[in-house]
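*Asks:* There's a structure below that I have some questions on.
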Amino acid sequence: MKWLFLLIVVVCASIIGLFAAAFIFYLTIEIFFYFYGGIPISMNPDQLKKILKISVAGGSILGSGIVLLRIFRVKGF
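The sequence shown begins at 2 in this note's numbering and counts up by one.
What follows is the structure, encoded as structure tokens:
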């Protein structure tokens with residue numbers, strides 16, 4: 002039960018962290034091209050859905066890997 006709770010917490014934290022990083026990276030690129038190339042900023046729900054899907058998939062894999070490394074007592078985790 003302890004490992005299941007840890008798995009849920011770490012996976013959720015990984016998903017939120019990846020979403021925040023991807024969203025900030027996307028906005029930075031949009032702002033850069035707005036000033037550099039004069040391309041208008043386009044933010045639509047489809048792009049946010051893609052970022053969310055990638056974050057859920059990547060965060061689940063990353064969080065599960067971190068918990069598995071902790072269960073197997075790998076040094077540093």
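No residue lacks a Cβ here, since even glycine has one placed at the ideal position from N, Cα and C.
#1: Relative to the C-alpha of G60, which residue among V75, L49, I25 and F20 is closest?
#2: On the DSSP letters alone, give me the boundaries of the alpha helix (DSSP H) that K3 sits inside.
#3: What do you reckon, are the CB atoms on G64 and V12 nearer than 8 Å?
#4: In the DSSP assignment, the alpha helix (DSSP H) including R74 goes from what residue to what residue?
#5: Going by beta carbon distance, what residues of the same chain come within less than 8 Å of Y27, once the five residues before and after it are set aside?
#6: Go ahead and pull the three-state DSSP assignment for S79.
#7: Please go through the same chain and pick out, in chain order, the residues whose beta-carbon is closer than 6 Å to the beta-carbon of I16, but skip the five residues on each side of it.
#8: Within 10 angstroms of the Cβ of G68, are there 16 or more other Cβ atoms? Answer buried if so, exposed if not.
*Replies:* According to the structure data:
#1: The option with the nearest alpha carbon to G60 is F20.
#2: Run containing K3: K3 to G38, per the alpha helix (DSSP H) assignment.
#3: For G64 and V12, yes; Cβs fall inside 8 Å.
#4: Counting along the chain, no alpha helix (DSSP H) covers R74, and no H or E run does either.
#5: Around Y27: Q48 and I52.
#6: The displayed coordinates of the chain run from 2 to 78. Any statement about residue 79 would go beyond what the structure contains.
#7: So the list reads S56, V57 and G60, once near-sequence residues are dropped.
#8: A quick correction: the sequence has Val, not Gly, at residue 68. Buried, since its Cβ has 16 or more Cβ neighbours within 10 Å.
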